[in-house]
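Taken in order, these protein sequences are the chains called A and B. Letter 94 of the first sequence, counting from 1, is numbered 94 in our numbering, and no numbers are missing. Adding 447 to a residue's 1-based position in the second sequence gives its number in our numbering. Everything on this sheet refers to the single structure shown next.
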Amino acid sequence: MFDSLSDRFESIFSKMRGRGRLGEKEIDEIAREIRLALLEADVNFKVVKSFIGRVKDEANGAELSKSLSPAQQVIKIVHQELINTLGGETGKLTMNPKPPTVVMLVGLQGSGKTTACGKLARHLKSQGLQPLLVAADLQRPAAVTQLQVLGEQVGVPVYSEPTDPVAVARNARNEAARLGKNIVVLDTAGRLQIDEALMDELRRMRESVQPDNVLLVVDAMTGQEAVNVAESFAETVGIDGVVLTKLDGDARGGAALSVKEVTGKPILFAGIGEKLGDFEPFHPDRMAGRILGMGDVLTLIEKAEASFDEEQAIKTADKIKKGSFTLEDFLEQMQQIKKMGPLQNIIGMIPGMPKELKNTQIDDKELGKVEAIIRSMTPEERNDTTIINGSRRLRIAQGSGTTTQDVNALLKQFKMVQGMMKQMTGAGGKKGRFPKMPNLGDFPGMQ
Amino acid sequence: MEMVIVLGILVLLALGAFAAVSVTKRSQRRMDVAERSAVTQPRKQAPADVEILLPPGDELVVPEVEEAPRPAPGVEEAAARPRLRDRLGKARALLSGYFGDIRGRSAIDDEVWDELEEALIRADVGVTATGRILDDLRVRVKEAQVTTPAELLDLLKADLVDQLSTADRALTFSPGQPNVWMFVGVNGVGKTTSIGKIALREAASGRNVVMAAADTFRAAAAEQLQLWSERVGADLVRGQDGADPGSVVFDAMAAAGNRGADLVLVDTAGRLHTKVNLMEELKKLRRIVDRTPGALKEVLLVIDASTGQNGLNQAKQFGEAVDVTGVILTKLDGTAKGGIVLAVQAELGIPVKLVGVGETAADLIEFDPEEFVDALFAA
């Protein structure tokens, strides 16, 4: 699970007292924690070094902020530096004034090039362009068929020929002109950057088709080697931008930082799912938070939006405001939450989650227990827990295969939840503002 | 029962977030809603869990073995099995001299420890696992009274080889019944290619192989496996695109039983372990195989050697879902070291059984801990 960086920092900074500036000693200790976090996120070893160097420079001697704690201040510096590195100038595809524009996708085996080609074609079509998909992967069994199937799904023609990849590339422009298409999306075979013969082939493909954009496709779960791959491709064939794929997983995605740092080329697109529509412009700010393991609130929101039924959500939100949220409602909401994915991942997305909660037995078995207990209650019991006396508790425990202690604990904790809800909707629920995470340590019984 | 509090927080966050954002985004989302919901909805409307029904008109292509002579097994010449160190020649050349530096040094100083740490982290061993390994090593160095960096490196290598050397590395097989080996993993790791290689090897040693194309989602996945089955000369069981993968598994089991097949290799769709509905589908596939008690002999998790720390998450989640028996580590012919398998073995007890070192049929070798550790340090 993702440890919040602030947890790690707080203890270091609690030793600092009343100084006007961030001290070098504390910065050094912080730097070690950041290094740990970044390495765990798969950022390349050397990239971490240079990144930390930059952060240290900025943090050293910086004046203490009046509104942020020293820990928060350093996190802010790190976060901002990440965003700057990942973002920078907005990347866009270079369009050829004389159509067709050619976009060539390259990368390792299995990185997601063919799927990305399909997605990109769909994206370009939705922008009013007329794309042609070109299948130049003649190596992988049924790769051409795969692209043809995708082409059919998005309504884009696919060109290929069984000769050789360089010939396919060479003829791509003519074919596009012949069909009246103004942009070519060219799929190539996956290849290792150390395979001289294949890298040479790629170079010849590039020479023959003169692409306006060469995009390196990188799997978000790539580890330390992302740097070597990116450097090699950049040197051998030149890249203009990057597509980061499989971001719908739970990889922290440090490869993104490594690749950007080492090539200086913008990350243009993010693949966020297997469907052809799961393709969006890259968001540096979201990636920064994800890499730091700081929780990805925006992704959490998106998952919630996708999983929760809108009408029901509004009704439930109303109930919470009125203070009439019952175990029945809770059970319903649990079903929605289950759709959002493994609990461990979801919880990891919540920033500021106290340590005590993160270390508890958070797994789906535990979830099953909670459900079982609630289901063993009668509807009256779910709507009014005050009627649940000793004999009812025993019955519920027996019915759910748990103990009366479990049932007691659930009822106690649920009462706390109700109290929490009262507080949150009372204090933080300003119109249009995302309610702030309360300091959970403030609640009774949550030392 | 802290779970209740956690859930309460989640509910609040989710609802609060939803309420705050949905109004402004509603117009943008309207177009995407249909596709969006498909991301978290089950990919297909699978029939009810209990009975597997063949969807009407589902075409199952089961080549009739009796009618046409099967091509000689191993239609492609299985070349002499490659050694890992040969395959890594290129990659190692890039790193040669890296550890030559350490060996040449006279004393074990901080720099030596730093270089060891860097080597392990860069091999994707992971920063926590690296810390543990080096801490253990520090203790051993004292005990063994090691004084030179060369000895230190040897000691470290020996430790790692030890960790990776578990008893059970063979692929489980019992003659006289259909043995099922199921292949699982995230997208793009090399499941289908690995199955092709294994089918070739097994067919070449005289075994009767059935391949099940239970990836009914990925465009042309069955076609890809079909090309392999033709190369290998093995039977293929497949369904229509978008068919229920369970029905393919069901039919493959039936076909294997009828033909007295030795081996059923089940290809499944790549799936991220974070997708609840897809992991549920995988569990269902396993249950179908388990209806023939004792048939399922291996659940092999295919991991790409270039995967970072996420590889451990993958192993955990897949392990919890379908009880993984071994790992196939692919694409080790690249520059990636695959160090994540150390954690997978240490924390989950799952051994690497096979290693992929190329895209052709012969590029599959047994996992040799010594060769692997040697390659980690490229010395």
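Where a beta carbon is used, it is the ideal one built from N, C-alpha and C, also for glycine. It should be emphasised that the depicted structure is a prediction, and the values quoted were computed from it without experimental measurement.
Roughly how many angstroms lie between the CA atoms of residue i and residue j, to the nearest whole one?
i                    : j                 : result
aspartate 571(B)     : threonine 594(B)  : 27 Å
asparagine 383(A)    : glutamine 418(A)  : 13 Å
aspartate 561(B)     : isoleucine 549(B) : 11 Å
aspartate 583(B)     : aspartate 770(B)  : 30 Å
asparagine 400(A)    : leucine 247(A)    : In the sequence as displayed, the identity of residue 400(A) is serine instead of asparagine. Between serine 400(A) and leucine 247(A), the C-alpha separation is close to 38 Å.
valine 48(A)         : leucine 133(A)    : 38 Å
arginine 573(B)      : alanine 71(A)     : First, the amino acid is wrong: residue 573(B) is glycine here, not arginine. Going by the C-alpha atoms only, they are around 26 Å apart.
glutamate 564(B)     : lysine 260(A)     : 24 Å
phenylalanine 664(B) : alanine 716(B)    : 7 Å
leucine 811(B)       : leucine 801(B)    : 7 Å
lysine 125(A)        : glycine 803(B)    : 38 Å
leucine 501(B)       : serine 694(B)     : Residue confidence for leucine 501(B) is low, a pLDDT of 34 falling below 50, so the modelled location carries little weight; the figure read from the coordinates is stated next. Cα-Cα distance, rounded: 6 Å.
aspartate 606(B)     : alanine 576(B)    : 13 Å
leucine 244(A)       : aspartate 278(A)  : 12 Å
valine 736(B)        : alanine 397(A)    : 35 Å
leucine 268(A)       : leucine 343(A)    : 30 Å
leucine 459(B)       : alanine 37(A)     : 28 Å
lysine 56(A)         : methionine 287(A) : 21 Å
valine 78(A)         : isoleucine 34(A)  : 8 Å
glycine 241(A)       : lysine 265(A)     : 5 Å
phenylalanine 233(A) : glutamate 196(A)  : 11 Å
glutamate 310(A)     : leucine 457(B)    : 16 Å
alanine 822(B)       : glycine 128(A)    : 50 Å
methionine 421(A)    : threonine 326(A)  : 11 Å
leucine 599(B)       : isoleucine 555(B) : 8 Å
threonine 145(A)     : glycine 112(A)    : 15 Å
aspartate 557(B)     : proline 281(A)    : 45 Å
arginine 206(A)      : isoleucine 30(A)  : 45 Å
Per DSSP, residue i forms a beta bridge with which residues?
i                 : result
aspartate 751(B)  : Thr777(B)
valine 106(A)     : Leu216(A)
valine 627(B)     : Val711(B), Leu743(B)
threonine 101(A)  : Ile183(A)
methionine 658(B) : Leu683(B), Leu712(B)
Are residue i and residue j close, meaning C-beta to C-beta below 9 Å?
i                 : j                    : result
leucine 566(B)    : phenylalanine 824(B) : Per the sequence presented here, residue 566(B) reads as alanine, with leucine not at that position. Yes.
leucine 719(B)    : valine 633(B)        : yes
arginine 552(B)   : valine 559(B)        : yes
leucine 192(A)    : glycine 680(B)       : no
methionine 658(B) : leucine 683(B)       : yes
arginine 733(B)   : valine 746(B)        : yes
leucine 120(A)    : aspartate 219(A)     : no
valine 168(A)     : alanine 135(A)       : yes
isoleucine 183(A) : leucine 215(A)       : no
lysine 589(B)     : alanine 808(B)       : no
arginine 616(B)   : valine 799(B)        : yes
valine 627(B)     : phenylalanine 765(B) : no
asparagine 757(B) : alanine 251(A)       : yes
proline 165(A)    : glutamate 201(A)     : yes
Give the range of the alpha helix (DSSP H) segment to which residue i is assigned.
i                 : result
glycine 578(B)    : 574 to 591
lysine 502(A)     : Nothing can be reported for residue 502(A): it is not among the residues displayed for chain A, which extend from 1 to 447.
lysine 315(A)     : 310 to 322
lysine 604(B)     : 596 to 611
isoleucine 812(B) : Segment 811 to 813 is the beta strand (DSSP E) holding isoleucine 812(B); no alpha helix (DSSP H) there.
alanine 650(B)    : 638 to 651
alanine 71(A)     : 70 to 86
glycine 390(A)    : 390 to 400
In the DSSP assignment, find the unbroken beta strand (DSSP E) run with residue i in it and report its ends.
i              : result
valine 242(A)  : 241 to 245
valine 684(B)  : 682 to 684
valine 514(A)  : There is simply no residue 514(A) to check, as chain A begins at 1 and stops at 447 in what is shown.
glycine 632(B) : Looking at the DSSP string, glycine 632(B) is not in any beta strand (DSSP E), and its letter there is neither H nor E.
leucine 801(B) : 799 to 803
valine 771(B)  : Unbroken run through valine 771(B): none, as it is neither H nor E.
valine 168(A)  : It is not in any beta strand (DSSP E) - valine 168(A) instead sits in the alpha helix (DSSP H) that spans 165 to 179.
valine 43(A)   : Here valine 43(A) belongs to no beta strand (DSSP E), and DSSP marks it neither H nor E.
Could one say the Cβ of residue i lies closer than 9 Å to chain C's Cβ atoms, at least one of them?
i             : result
lysine 125(A) : Considering every chain present, this structure includes no chain C. Its protein chains are A and B.
Answer yes or no: the CB of residue i versus the heavy atoms of the ligand PLP, is any distance below 8 Å?
i              : result
alanine 650(B) : Inclusion of the ligand PLP in the displayed structure is not the case, the ligand content being empty and no account of it being possible.
To test your reading of the DSSP string, which unbroken alpha helix (DSSP H) runs of 4 or more residues are found completely within the stretch 703 to 748 of chain B? 723 to 737
Runs of alpha helix (DSSP H) wholly within the stretch 256 to 292 of chain A (minimum 4 residues, chain order): Runs of alpha helix (DSSP H) with 4 or more residues, each lying fully within the stretch 256 to 292 of chain A, are found at 284 to 291, listed in chain order.
Of all the beta strand (DSSP E) runs that stay within the bounds of the stretch 126 to 159 of chain A, which reach a length of 3 or more residues? List check, beta strand (DSSP E) in window: 131 to 135.
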